[in-house]
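Asker: Provided herewith is a single structure, encoded as structure tokens, for subsequent inquiry.
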Amino acid sequence: MTLGRAASVLAALVAVQGCSVAVASPAHIAETFAGPDELIAAEGTPGSDDASWDVTSGTLFRAGGNGWTGHPDAGGTPESTGSAVFRMVSEDRRFADLDMSVTLRVDALVETSRTPAQDYDGAHIWVRYRSDRELYAVSVDRRDATMIIKKKCPGGDSNGGTYYDLSPSLPDVPIPQGQWQHVAVSVRDLPDGSVHITAARDGVPIEATDDGIGCPALRGGGGVGIRGDNAELRFANIIVDQGS
40 MTLGRAASVL AALVAVQGCS VAVASPAHIA ETFAGPDELI AAEGTPGSDD ASWDVTSGTL
100 FRAGGNGWTG HPDAGGTPES TGSAVFRMVS EDRRFADLDM SVTLRVDALV ETSRTPAQDY
160 DGAHIWVRYR SDRELYAVSV DRRDATMIIK KKCPGGDSNG GTYYDLSPSL PDVPIPQGQW
220 QHVAVSVRDL PDGSVHITAA RDGVPIEATD DGIGCPALRG GGGVGIRGDN AELRFANIIV
280 DQGS
């Protein structure tokens, strides 16, 4: 190596070492709902400075160290929660392959003039949320005592989208009302272009593979969240990490 070439290499090394390289932190949520009782967020109403969740319908409170939907009602008055239709989704939409853990409780199922009783009433976990018309939904607590994994694709009469069943309906899993449950969900992109979803509620497993039913498989990043229908819900913690 010539003296000039050596000097050039040394200068390049010094320049690289002197630069700070910005590395994006991995997507992560560790929501324990610790803190004072207060409004966290509500549809159209900013709550605390907690930036983890966007509540697009209903109301999310912190109460007794837990997240809480309040008593679900049809909404429409300043005193109402509107949580008969409850939707919360993460502000962070970078979750691709992920492992999610939720400790939740269904205290009651209701029905209102706006929301008559439906088989799907209960609690559902969202992953790969791109919009309210493009997402995966893991139904872990349903009024009809089933569990199922679904996919929503744009276009259709379900709030602008269409739901497709990705798994068979798992029967005989009634909601353990008033009891804390542990829900785990994992999502992975597979080399063949499909997406694999596994979930369990207190050890009861369900899984599905999306190879493009209805619309292309939802590969890559998206948000996570929780949907409640005619259900009073409480959350002790929500932990989400990028999958390895």
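FYI, in our numbering the residues of the sequence shown are 40 to 283. Heads up, the beta-carbon is just placed ideally off N, CA and C, and yes, glycines get one too. Please read all numbers here as calculations on a predicted model, not as lab measurements.
Can you find a heavy atom of the ligand MG that lies under 6 Å from the Cβ of L137?
Answerer: Looking for the ligand MG in the displayed structure turns up nothing, as the structure carries no ligands at all.
Asker: Leaving out the 5 sequence neighbours to the left and right, which residues in its chain are closer than 7 Å to W107 when beta-carbon positions are compared?
Answerer: Answer for W107: F100, R273, listed in chain order.
Asker: Which residue comes first and which comes last in the beta strand (DSSP E) that contains R167?
Answerer: That run of the beta strand (DSSP E) goes 161-170.
Asker: What does DSSP give as the partner residue(s) for S96 in the beta ladder?
Answerer: Answer is R126, bridged to S96.
Asker: In the DSSP assignment, the beta strand (DSSP E) including E77 goes from what residue to what residue?
Answerer: Per DSSP, E77 belongs to the beta strand (DSSP E) from 77-81.
Asker: Check whether the Cβ atoms of L137 and A270 sit closer than 7 Å, and answer yes or no.
Answerer: Result no, Cβ atoms of L137 and A270 do not sit closer than 7 Å.
Asker: Work out the CA separation of G83 and G74 for me, nearest whole Å.
Answerer: Roughly 23 Å between the two C-alpha positions.
Asker: Tell me the residue span of the beta strand (DSSP E) that contains G195.
Answerer: Unbroken beta strand (DSSP E) run through G195: 187-197.
Asker: How long is the line joining the alpha carbons of A46 and S64, rounded to whole angstroms?
Answerer: Low confidence applies here, because A46 scores a pLDDT of 44, under 50, leaving its location unreliable; read the following figure in that light. Rounded to the nearest angstrom, the two C-alpha atoms are 35 Å apart.
Asker: Count the C-beta pairs between the stretch 234-254 and the stretch 200-219 that are closer than 8 Å, then say yes if the count reaches three, no if not.
Answerer: Because the criterion of three Cβ pairs below 8 Å is met, the stretch 234-254 and the stretch 200-219 touch.
Asker: Report the rounded CA-to-CA distance for I164 versus E118, giving the unit in angstroms.
Answerer: Distance between the alpha carbons of I164 and E118: 27 Å.
Asker: Excluding five sequence neighbours on each side, which residues of the same chain lie with their C-beta closer than 6 Å to the C-beta of D280?
Answerer: Result list for D280: H67, D138, in chain order.
Asker: From V60 to G259, what does the alpha carbon distance come to, in whole angstroms?
Answerer: Residue placement at V60 cannot be trusted, given a pLDDT of 47 that sits under 50; what the coordinates show is reported in the next sentence. Roughly 24 Å separates the two Cα atoms.
Asker: State the beta-bridge partners of Q281 as determined by DSSP.
Answerer: Bridge partners of Q281: L137.
Asker: How many Å lie between Y202 and K190 at the Cα?
Answerer: One C-alpha to the other measures close to 6 Å.
Asker: Is DSSP giving V60 helix, strand or coil here?
Answerer: Because V60 sits at a pLDDT of 47, beneath the cut-off of 50, its placement in the model cannot be relied upon, and the following sentence gives the value as read from the coordinates. The answer is coil: DSSP assigns V60 none of H, G, I, E or B.
Asker: Is it right to say A156 is buried, meaning 16 or more other beta carbons lie within 10 angstroms of its own, or is it exposed?
Answerer: Exposed.
Asker: With a cut-off of 8 Å on the beta carbons, I'd call S225 and G282 a contact; round off their distance for me.
Answerer: So it is a contact: roughly 6 Å between Cβ atoms.
Asker: Can the beta-carbon of T95 be found closer than 7 Å to that of R126?
Answerer: Going by C-beta atoms, T95 is nearer than 7 Å to R126.
Asker: Name the DSSP bridge partner or partners of D158?
Answerer: Partner(s): none; D158 has no beta bridge.
Asker: Leaving out five residues before and five after G199 in sequence, what residues of the same chain have Cβ atoms less than 8 Å from its Cβ?
Answerer: Closer than 8 Å at Cβ, skipping near neighbours: D171, R172, P193.
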